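J.: Counting from 2, one number per residue, gives the positions in the sequence shown under my numbering. Where a beta carbon is used, it is the ideal one built from N, C-alpha and C, also for glycine. On a predicted model such as this, the values are computed, not experimentally measured, just so you know. Starting off with a structure, shown below.
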Amino acid sequence: MGLYRYLYLLAGLLCLSGCEPSNEQVSRPSDNDTPIIAPYGSWASPLSAANVFQQSDSVIELQSVAGTLYFAESNGEQQGQVGIKQLNKQGNIIEVVPSSFNVKSTVHEYGGAAFLGIGQSLFVTKANDQLFYRFAPNQPSLALTPNGTRHADCVAYPKGSRIICVREDHRQAGEPKASLVTINLNFAKEGDTLVSGHDFISAPAISPDNSKLAWITWEHPYMPWDNSVLWLGDLDRKGQLRNIRKINTPTDSSVSQPLFSPDGQLYVVSDMSDWWNIYRVTPKNILAPVLSKSAEFAVADWYLGNHNYAFESENTIIASYMLGSQAALIRLHLDSGLVESLAVDFGEITQVTKGEDGVYFVGAKATPEKGIYKVIGRGTELVYSPNLAKLDPNFISRAKNITFETGNHQQAYGYFYGPVNPNYIAPHDTRPPLIVMLHGGPTARASLAYRSDIQFWTSRGFAVLDVNFRGSSGFGRAYRQSIYGKWGQADVEDVVNAVQYVVAKGWVDAQKLAIRGISAGGLTVISSLAFYDVFQAGVSYAGISDFEQLVNNTHKFETGYLDQLIGPYAENKARYRERSPFYHLEGLNEPLLIIQGLRGQIVPSQQSQQIYAALKAKGVPTAYISYDDQTHDGWTPEHKAASLDTELAFYGQVFHFTPAGTLPSLLLDNAAALKPSSVSHQ
Numbered sequence: 002m003g004l005y006r007y008l009y010l011l012a013g014l015l016c017l018s019g020c021e022p023s024n025e026q027v028s029r030p031s032d033n034d035t036p037i038i039a040p041y042g043s044w045a046s047p048l049s050a051a052n053v054f055q056q057s058d059s060v061i062e063l064q065s066v067a068g069t070l071y072f073a074e075s076n077g078e079q080q081g082q083v084g085i086k087q088l089n090k091q092g093n094i095i096e097v098v099p100s101s102f103n104v105k106s107t108v109h110e111y112g113g114a115a116f117l118g119i120g121q122s123l124f125v126t127k128a129n130d131q132l133f134y135r136f137a138p139n140q141p142s143l144a145l146t147p148n149g150t151r152h153a154d155c156v157a158y159p160k161g162s163r164i165i166c167v168r169e170d171h172r173q174a175g176e177p178k179a180s181l182v183t184i185n186l187n188f189a190k191e192g193d194t195l196v197s198g199h200d201f202i203s204a205p206a207i208s209p210d211n212s213k214l215a216w217i218t219w220e221h222p223y224m225p226w227d228n229s230v231l232w233l234g235d236l237d238r239k240g241q242l243r244n245i246r247k248i249n250t251p252t253d254s255s256v257s258q259p260l261f262s263p264d265g266q267l268y269v270v271s272d273m274s275d276w277w278n279i280y281r282v283t284p285k286n287i288l289a290p291v292l293s294k295s296a297e298f299a300v301a302d303w304y305l306g307n308h309n310y311a312f313e314s315e316n317t318i319i320a321s322y323m324l325g326s327q328a329a330l331i332r333l334h335l336d337s338g339l340v341e342s343l344a345v346d347f348g349e350i351t352q353v354t355k356g357e358d359g360v361y362f363v364g365a366k367a368t369p370e371k372g373i374y375k376v377i378g379r380g381t382e383l384v385y386s387p388n389l390a391k392l393d394p395n396f397i398s399r400a401k402n403i404t405f406e407t408g409n410h411q412q413a414y415g416y417f418y419g420p421v422n423p424n425y426i427a428p429h430d431t432r433p434p435l436i437v438m439l440h441g442g443p444t445a446r447a448s449l450a451y452r453s454d455i456q457f458w459t460s461r462g463f464a465v466l467d468v469n470f471r472g473s474s475g476f477g478r479a480y481r482q483s484i485y486g487k488w489g490q491a492d493v494e495d496v497v498n499a500v501q502y503v504v505a506k507g508w509v510d511a512q513k514l515a516i517r518g519i520s521a522g523g524l525t526v527i528s529s530l531a532f533y534d535v536f537q538a539g540v541s542y543a544g545i546s547d548f549e550q551l552v553n554n555t556h557k558f559e560t561g562y563l564d565q566l567i568g569p570y571a572e573n574k575a576r577y578r579e580r581s582p583f584y585h586l587e588g589l590n591e592p593l594l595i596i597q598g599l600r601g602q603i604v605p606s607q608q609s610q611q612i613y614a615a616l617k618a619k620g621v622p623t624a625y626i627s628y629d630d631q632t633h634d635g636w637t638p639e640h641k642a643a644s645l646d647t648e649l650a651f652y653g654q655v656f657h658f659t660p661a662g663t664l665p666s667l668l669l670d671n672a673a674a675l676k677p678s679s680v681s682h683q
């Protein structure tokens with residue numbers, strides 16, 4: 002299925018960082034600073050579609066090694082390929098592994114934790130062959146692992162000059178095998194197996210004296226955030242694992258991010274209280290709470306290598322958490338239980354890491370600022386920023402948190418962004434068109450971190466609604482699992498109720514409501530149009546439309562995910578068809594733009610083509626745009642920009658306004674069926 006992977010690997014389409022002013026001619030007010038009166042959606046913006054996809058580098062992983070920081074950074078100008086850089090003690094940035102090498106693991110398909118630093122050497126997984134390479138000073142790179150294996154989430158084990166890694170073995174037929182293995186630092190060998198016999202293994206952590214090893218496992222059909230297990234074993238003098246014991250946790254809980262304190266005590270994050278909180282493992286192998294808070298000190302582990310806390314000293318922990326929309330950083334004093342607030346002005350905080358001279362983390366704010374930060378006393382300091390562009394703060398729309406009632410009298414959440422452009426005002430008594438955005442997963446979440454794709458729309462006079470529908474992370478285990486058995490239903494209910502909420506507030510034009518999404522989000526787009534008469538337009542980027550086609554087109558990591566989200570297929574065939582919008586197109590009468598990469602493997606292009614053909618034959622205004630060299634793993638910057646411009650042109654046709662700038666020509670099939678222009682005041 003690959004829904005979450007699709008969202009993040011195509012983050013350039015829906016979740017982008019800063020962008021710089023374009024060369025596009027932007028209309029300016031006259032000398033007396035009187036704004037131009039122009040319809041919403043038609044405003045000229047300093048952000049062109051091309052700008053949105055330029056200068057979008059991101060720090061994605063962070064490690065402290067031998068007194069310096071190493072970090073993985075994606076290169077926006079090279080389609081997000083990843084290299085490794087070093088931030089040394091003098092504050093200089095040194096490129097250690099070029100982005101053209103493309104450091105990326107695909108363990109569990111989504112990867113993460115693809116490099117490890119030891120002394121002056123780096124050990125990295127290369128994207129195109131998944132081999133594990135050593136980069137040592139003045140030596141050629143050396144592949145240490147066999148073909149057909151994937152490695153990630155590695156830790157140094159000084160005894161015998163070895164590394165302990167999660168391995169996924171694809172050399173035999175059938176499902177790939179998971180194990181923990183040791184790899185020699187200097188020679189290409191098979192390696193020795195420490196742990197096997199589980200469907201999934203992750204997060205090895207070794208004690209400071211190298212005497213203990215902790216790790217996490219889980220089994221089908223669960224995901225790691227459903228039911229996972231923490232293990233602890235002793236490493237003997239020969240490096241063999243002895244006295245393996247299971248840490249006692251409830252069967253209906255998950256564990257994440259095991260970490261040893263400087264004095265050798267094991268800590269972990271668990272949601273046994275409904276929220277991902279930090280716990281200490283007692284000598285009796287049970288979990289004792291360190292801090293009980295209705296907040297999430299972890300994330301759903303789609304990727305390996307997440308770090309939400311680190312030991313500043315034996316007695317203090319620096320930790321980040323999410324509570325709804327708020328990303329916060331705290332210092333926790335273990336002896337007294339005192340909690341100090343260090344930062345609350347971030348939209349995202351990740352990769353909390355202990356360095357030689359303090360604790361560092363990767364942060365992103367509601368403004369374009371983001372990068373590597375250091376904890377300084379009771380505050381934080383930016384020490385490195387990736388390649389970012391600037392945007393005049395006067396053009397930045399700030400989110401308004403909303404909470405609304407949805408199905409079964411539950412609450413759901415979202416962020417509303419109003420249109421902002423100091424050069425324009427709209428005609429009197431008109432309201433802006435609305436674009437609803439959808440995250441993927443569906444266990445991802447919308448956040449307040451700056452997104453230039455949102456500002457692309459708001460600076461043109463659109464309102465944007467980013468919805469955390471049921472199933473989203475950041476609101477506790479119960480909310481995360483509230484979509485189980487209801488995917489394709491609860492998420493659709495939530496976006497419909499979110500829109501009705503903002504319409505009732507009078508914030509948007511009720512006759513100009515659009516919804517856009519990618520992959521899993523595309524499913525919600527098509528379902529919202531097919532099952533509800535709320536939206537007047539939709540845009541689906543390689544959207545799912547037939548759940549049945551997904552059953553046999555998924556990978557190991559998500560083999561049981563549909564069982565959770567909908568139900569086991571064999572016993573629920575009718576439900577799969579009932580939830581699939583492809584079989585209910587009689588209710589889809591509003592314009593739909595479909596954009597598809599023809600080489601996508603996770604959501605085959607056939608699904609988009611079937612929807613397009615059916616709507617065209619039915620007489621619905623529709624268009625199908627495809628790109629031959631575009632894959633499910635990466636869209637070229639040119640096609641990303643063209644897609645965004647085409648989407649703007651689509652809204653212009655459907656909502657009867659003329660967008661600013663030069664846009665691609667878009668020929669809508671059945672364009673004569675478009676509804677005539679109307680002005681709505683509510």
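(1) Can you name the residues that DSSP bridges to T381?
(2) Return the first residue and the last residue of the beta strand (DSSP E) that Q412 is part of.
(3) Give, in chain order, every unbroken run of the alpha helix (DSSP H) that is at least 4 residues long and sits entirely within the region 581-630.
(4) Could you give the DSSP three-state label for R481: helix, strand or coil?
(5) Within the region 416-444, note down every full beta strand (DSSP E) run reaching 3 residues or more, in order along the chain.
(6) Taking the alpha-carbon of V83 as reference, which of I95, S59 and Q91 has the nearest alpha-carbon?
(7) What whole-angstrom Cβ distance do N422 and S453 have, given they're in contact under 8 Å?
(8) Once you ignore the five residues that flank L589 on each side, which residues in its own chain have a CB closer than 6 Å to its CB?
(9) Among residues of its own chain, excluding the 5 on either side of G620, which ones have a beta-carbon nearer than 8 Å to its beta-carbon?
(10) Would you give the residue range spanned by the alpha helix (DSSP H) that T459 belongs to?
(11) Considering Cα atoms alone, identify which of L649, S666, G68 and Y223 is closest to T354.
(12) Starting from Y723, trace the alpha helix (DSSP H) both ways and give me its first and last residue.
(13) Please report the residue range of the beta strand (DSSP E) in which G522 lies.
(14) Which runs of the beta strand (DSSP E) fall wholly inside the region 188-249 and span at least 3 residues, in chain order?
(15) Taking only three categories from DSSP, how would you classify Q140?
(16) Write down the C-beta distance between W292 and I279 rounded to the nearest angstrom, noting that I regard them as a contact closer than 8 Å.
(17) Take the Cβ of F656 as the centre, count every other Cβ of all protein chains shown within 10 Å, and call the residue buried at 16 or more, exposed below.
(18) Considering only the alpha carbon of each residue, which of K391, G77 and A206 lies closest to T637?
(19) According to the neighbour-count rule (16 or more other Cβ atoms, all chains shown, within 10 Å of its Cβ), is K641 buried or exposed?
(20) Is the beta carbon of Y652 less than 8 Å from the beta carbon of P434?
(21) Apply the 10 Å Cβ neighbour rule to N395 and answer buried if 16 or more other Cβ atoms are within range, or exposed otherwise.
(22) Using CA atoms only, rank isn't needed, just tell me which of V98, P36, T283 and S314 is closest to Y134.
(23) What residue range is occupied by the uninterrupted beta strand (DSSP E) comprising N76?
(24) According to DSSP, what are the bridge partners of V468?
(25) How big is the Cα-Cα spacing for P677 and F536?
(26) Note the first and the last residue of the continuous alpha helix (DSSP H) segment covering S644.
(27) Below 8 Å, how does it come out for the region 98-117 and the region 405-416: are there three or more Cβ pairs, yes or no?
(28) In terms of residues, what are the limits of the alpha helix (DSSP H) holding F548?
(29) Using a 10 Å radius around the Cβ and a threshold of 16 neighbouring Cβ atoms, would you call N24 buried or exposed?
(30) Considering only DSSP beta bridges, list what F116 is partnered with.
(31) What first and last residue would you give for the alpha helix (DSSP H) that runs through Y562?
(32) With DSSP run on the structure shown, which of helix, strand or coil describes V104?
(33) Using a 10 Å radius around the Cβ and a threshold of 16 neighbouring Cβ atoms, would you call F188 buried or exposed?
(34) Under a Cβ-count criterion, where at least 16 other Cβ atoms within 10 Å of its own Cβ denotes burial, should G475 be classed as buried or exposed?
(35) Would the region 282-296 count as touching the region 180-187 if we require 3 or more Cβ pairs under 8 Å?
(36) Near G356, what residues of its chain come up, given a Cβ to Cβ distance below 7 Å and the 5 sequence neighbours on each side ignored?
T.: The relevant details are as follows:
(1) Residue mapping note: residue 381 aligns to position 380 of the sequence shown, counting from 1. According to DSSP, which records beta bridges pairwise, T381 is partnered with V376.
(2) In the sequence shown, residue 412 corresponds to position 411, counting from 1. That run of the beta strand (DSSP E) goes Q412 to Y418.
(3) 606-619
(4) On the sequence shown, residue 481 is found 480 positions in, with the first residue counted as 1. In the structure shown, R481 sits in a helix (DSSP, three-state: H, G or I).
(5) 435-439
(6) Position 82 of the sequence shown, counted from the start, is the residue given in the question as residue 83. Closest option to V83, Cα to Cα, is S59.
(7) Locating residue 422 in the sequence shown gives position 421, counting from the first residue. Locating residue 453 in the sequence shown gives position 452, counting from the first residue. That pair is no contact at about 15 Å.
(8) Working through the sequence shown from its first residue, we reach residue 589 at position 588. Correct list, in chain order: L530 and A531.
(9) Counting from one through the sequence shown, the residue named residue 620 turns up at place 619. Around G620: N671 and A674.
(10) Taking the first residue of the sequence shown as position 1, residue 459 is located at position 458. S453 to T459 is the extent of the alpha helix (DSSP H) around T459.
(11) Sequence index remark: in the sequence shown, residue 354 carries index 353 (1-based). When only C-alpha atoms are compared, the closest one is G68.
(12) Summary: the structure shown does not reach residue 723, with the chain confined to residues 2 through 683, and so no result is reported for it.
(13) Locating residue 522 in the sequence shown gives position 521, counting from the first residue. Looking at the DSSP string, G522 is not in any beta strand (DSSP E); the run it does join, the alpha helix (DSSP H), is A521 to F532.
(14) 193-196, 201-207, 213-219, 230-236 and 242-247
(15) The residue you call residue 140 lines up with position 139 of the sequence shown. Of the three classes helix, strand and coil, the one that applies to Q140 here is coil, per DSSP.
(16) Sequence index remark: in the sequence shown, residue 292 carries index 291 (1-based). Sequence index remark: in the sequence shown, residue 279 carries index 278 (1-based). Looking at the sequence itself, residue 292 is Leu, so the reference to Trp does not match. So it is a contact: roughly 6 Å between Cβ atoms.
(17) Within the sequence shown, numbered from 1, the residue matching residue 656 stands at position 655. By the neighbour-count rule (16 or more Cβ atoms within 10 Å), F656 is buried.
(18) In the sequence shown, the residue the question calls residue 637 occupies position 636. Out of K391, G77 and A206, G77 has the C-alpha closest to the C-alpha of T637.
(19) Sequence index remark: in the sequence shown, residue 641 carries index 640 (1-based). Buried is the call here.
(20) Position 651 of the sequence shown, counted from the start, is the residue given in the question as residue 652. Position 433 of the sequence shown, counted from the start, is the residue given in the question as residue 434. Yes; because the gap between Cβ atoms is below 8 Å, this pair is in contact.
(21) In the sequence shown, residue 395 corresponds to position 394, counting from 1. Exposed, since its Cβ has fewer than 16 Cβ neighbours within 10 Å.
(22) The residue given as residue 134 occupies position 133 in the sequence shown. For Y134, the nearest C-alpha among the options comes from V98.
(23) Residue mapping note: residue 76 aligns to position 75 of the sequence shown, counting from 1. Start and end: T69 to N76.
(24) In the sequence shown, counting from the first residue as 1, residue 468 sits at position 467. According to DSSP, which records beta bridges pairwise, V468 is partnered with G415 and L439.
(25) Position 676 of the sequence shown, counted from the start, is the residue given in the question as residue 677. Position 535 of the sequence shown, counted from the start, is the residue given in the question as residue 536. Computed Cα separation, rounded: 15 Å.
(26) Position 643 of the sequence shown, counted from the first residue, corresponds to residue 644. Its alpha helix (DSSP H) spans residues P638 to F656.
(27) no
(28) Reading the sequence shown from its first residue, position 547 is the one you call residue 548. F548 to V552 is the span of the alpha helix (DSSP H), which, as asked, contains F548.
(29) Position 23 of the sequence shown, counting from 1, holds the residue named residue 24. Because N24 carries a pLDDT of 35, less than 50, the predicted location of this residue cannot be relied on, and no value is offered for it.
(30) Here residue 116 corresponds to residue number 115 of the sequence shown, with the count starting at 1. Note: F116 sits in a beta bridge opposite V125.
(31) One-based indexing of the sequence shown puts residue 562 at position 561. Counting along the chain, the alpha helix (DSSP H) containing Y562 begins and ends at Y562 to L566.
(32) Counted from its first residue, the sequence shown places residue 104 at position 103. In this structure, V104 counts as strand in the three-state DSSP scheme.
(33) As a working note, residue 188 is residue 187 in the sequence shown. Per the 10 Å Cβ criterion, exposed.
(34) Position 474 of the sequence shown, counted from the first residue, corresponds to residue 475. Counting Cβ neighbours within 10 Å, G475 comes out buried, since at least 16 surround it.
(35) no
(36) The residue given as residue 356 occupies position 355 in the sequence shown. Contacts found: S65 and L70.
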